[in-house]
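Below: one structure, written as structure tokens.
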Amino acid sequence: MKTFASTISKVFYGTLIHSVSIKEIEYILQGLLFIDNQGKIAKIVKNVSQDKLDAALEGVDSDKLVRLTSDQFVIPGFVDTHIHAPQYAFCGNGHDLPLLEWLDTYTFPAEARFADKDYARRLYTKSVARSLRNGTTAACWYATIHLESCKELVQVIQEQGQRAYVGKVNMNQNSPDFLVETTESSVRDTRAFIEYVKDVNAKIENKPLVTPIITPRFAISCTSDLLTELGKLAEEYQLPIQSHLCENMNEIGFTMSLFPESVNYTAVYADHGLLNDRTVMAHCVHMKDEELDLVKEKEAGISHCANSNFNLKSGIANVRKMLNKDIKVGLGTDVAGGYTPSILEALRASRTASVAIDMESSLVVAELFYLATVGGARVMGLEDTIGNFEVGKEFDAILVNASSDNSPVDIHEHDTVETSFEKYLFVGDDRNHEKIFVQGKEVRIPGNASRK
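The numbers in numbering that gives the first Met the number 0 rise by one with no breaks, and the one at position 290 of the sequence shown is 289.
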């Protein structure tokens, strides 16, 4: 007969921090968090004093216990709802142009190199590893149009242990000759990619971490017949969908010239079966009220990419208005429009953007942390699986040390758990991330010592 102790793989003892709502962060001191053999949170016990620890462990072996120091705490992993894996090749470059010119000058030539799957593996290995080091335990990845290289991205993600949605990008018009598909080849390769991921997942014992996601680059790059076929694929396989929406005024004007039968840009996706409760729309900077209402009606989610919106001079999304309409919102790094794959930096840029929109209703710490974790989980449709520390959810987490070697954060004797955590959010970086966990297991970042 199984005992509780025999089902437990690891226990953390110390400070646990997570969002219980968009308005409230819970700080659990002297907490015990039990993780079972399937990587799920089995039990949480609060305020366990040292003299009560042995009894509270309920027979779990001491070698499974991780004792946190006073400067360490465990938080849920970050969720990056919008990131381009191939664009990590020029991350930090090319912010001198607006969106459409930026795509032609930097992005499309860089993505063309992914016709070489060996090059793709080398680049993707670095891209995923950097994302993980920055604490991103779940991500919505865009790949490129190249089927074999998309498979390489899936393999890299599986090897390193991240939770991910991975999209083969679709482009059959208004694209350079060296980076364009036909409708038939785009649909064929997308189906082949979906089936490939299904086959890979069928061989995995635990719950699979990688999900294919339907990924029309944006409406400009796809004909109506391609969008229609992608909508059918999403429905057939019940897959999530991702694309870009209302990022740049020129983009909006060009889109509406291509799809005059749709009442607005958001309706273009709705009209083709691509806007529903599984949809992640990036940016949404220049949204009319009726477009936000349509997003809400369809229960789609929005990825707020403030860093990229500043860099490409696209504008500032009004996240407060979105939240007031109870629209699902998460954060995205949008590498390489965003100059870093750090959700901490996305959080900071989101704070600045909200102040620029309206100082009186700007986003506060509790809201920003929520958007980086639970909000992103909701956008990905994973709110019952990840996002915070609730019994039954899978343990995707970061072990943070505010006083790690070379830490950018200085902790003083007057600091509390709350002030140390806030300093980490606004000053910290990957140097404070001692360990990253997905589904209860430490991720396998190349160059790091391998651990179970």
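Even glycine gets a Cβ: it sits at the ideal position worked out from N, Cα and C.
_Straight-line Cα distance separating D95 from K451_ = Because the pLDDT of K451 is 41, which lies under 50, any placement of that residue in the model is unreliable, and the question is left without a value.
*Coarse secondary structure for F192, derived from DSSP in three states*: Helix.
*Based on the DSSP output, what are the partners of V71 in its beta bridges?*
Correcting the residue identity first, residue 71 is Gln in this sequence and not Val. The beta-bridge partner set that DSSP reports for Q71 consists of N400.
*Could you check the C-alpha separation between A55 and S48 for me, to the nearest Å?*
Roughly 9 Å separates the two Cα atoms.
_Backbone secondary structure at V65 - three-state DSSP_ = V65 sits in a strand when the DSSP states are folded into three classes.
*asked:* Measuring straight from C-alpha to C-alpha, what distance separates D270 and P259?
replied: Cα to Cα, the separation comes out at about 12 Å.
*Whose CA, out of L122, K150, A138, K422, lies closest to the CA of L330?*
With distances taken between Cα atoms, L330 lies closest to A138.
*asked:* Counting C-beta neighbours from all protein chains within 10 Å, is the total for T104 16 or more, i.e. buried, or is it exposed?
replied: The residue is exposed, with fewer than 16 neighbouring Cβ atoms inside 10 Å.
_Sheet register partners of T214 (DSSP bridge)_ = According to DSSP, which records beta bridges pairwise, T214 is partnered with V168.
*Take every Cβ of the region 148-161, pair it with every Cβ of the region 239-255, and state whether three or more of those distances are shorter than 8 Å.*
The region 148-161 and the region 239-255 do not touch, with fewer than 3 CB-CB distances between them shorter than 8 Å.
*Would you mind reading off the limits of the beta strand (DSSP E) that contains Q37?*
Annotation for Q37: no beta strand (DSSP E) segment contains it, and DSSP assigns it neither H nor E.
_Quick check: what's the CA-CA separation for D292 versus K324?_
Their Cα atoms are separated by approximately 8 Å.
*Taking DSSP as the reference, what is the three-state secondary structure of S126?*
When DSSP states are grouped into helix, strand and coil, S126 belongs to the helix group.
_Residue environment, D39, which counts as buried when at least 16 other CB atoms sit within 10 Å_ = A small fix is needed here, since residue 39 is Lys in this sequence, not Asp. Buried.
*How many Å lie between N455 and L208 at the Cα?*
Nothing can be reported for residue 455: it is not among the residues displayed for the chain, which extend from 0 to 451.
*What number of angstroms, rounded off, separates the C-alpha of C245 from the C-alpha of H282?*
So the alpha carbons of these two residues sit roughly 7 Å apart.
_Endpoints, alpha helix (DSSP H) assigned at F11_ = Run containing F11: none in the alpha helix (DSSP H); it sits in the beta strand (DSSP E), 7-20.
_8 Å contact criterion, which Y333 and I82 should meet: CB distance rounded_ = The identity of residue 333 in the sequence shown is Asp, whereas the question assumes Tyr. Confirmed, Cβ separation roughly 7 Å.
*Own chain, CB closer than 6 Å to F72, minus 5 neighbours either side, in chain order*: Excluding five sequence positions before and after F72, the CB atoms of its chain that fall closer than 6 Å to its own CB belong to T14, I16, V399, given in chain order.
_Considering only the alpha carbon of each residue, which of Q438, I7, P97 lies closest to M248?_
Closest by alpha carbon: P97.
*Could you give the C-beta distance for A218 and V267, rounded to a whole number, given that I count them as a contact under 8 Å?*
Between the beta-carbon of A218 and that of V267 there is about 5 Å, and that keeps the pair under the 8 Å contact cut.
*Following the continuous beta strand (DSSP E) through L281, name the residue where it begins and the one where it ends.*
The question names Leu, yet the displayed sequence has Ala at residue 281. Annotation for A281: the continuous beta strand (DSSP E) segment containing it runs 278-282.
*How far does the beta strand (DSSP E) with E433 in it reach, from first residue to last?*
Per DSSP, the unbroken beta strand (DSSP E) holding E433 starts and ends at 432-437.
*For V363, name the three-state secondary structure that DSSP assigns.*
Reduced to three states, the DSSP call for V363 is coil.
_Extract the residue ranges of the alpha helix (DSSP H) inside the region 229-264, only unbroken runs of 4 or more that lie entirely within it._
The region 229-264 contains these whole alpha helix (DSSP H) runs: 248-257.
*Sorted by chain position, which residues of the same chain lie with C-beta nearer than 8 Å to A448's C-beta, five sequence neighbours on each side aside?*
Any reading at A448 must be qualified, since the residue scores a pLDDT of 45, below 50, and its modelled position is unreliable; the value itself is stated next. Around A448: no qualifying Cβ.
*In the structure shown, what three-state DSSP assignment does F394 receive?*
Residue state, collapsed to three classes: coil.
*In terms of residue numbering, what span does the beta strand (DSSP E) encompassing I301 cover?*
I301: member of the beta strand (DSSP E) spanning 300-303, first to last residue.
*Indicate the three-state DSSP secondary structure (helix, strand or coil) for S449 in the structure shown.*
With a pLDDT of 40 at S449, under the threshold of 50, the modelled position of that residue is not reliable, and the figure given next carries that caveat. In the structure shown, S449 falls within a coil segment according to DSSP collapsed to helix, strand and coil.
*asked:* Do K42 and L52 have their beta-carbon atoms positioned less than 9 Å apart in this structure?
replied: Taking 9 Å as the cut-off, the Cβ atoms of L52 and K42 do not count as close.
*Which class does T2 belong to by DSSP, given the choice of helix, strand or coil?*
In the three-state reduction of the DSSP assignment, T2 falls in the coil class.
*From the DSSP output, which residues share a beta bridge with C139?*
C139 is bridged to Y164.
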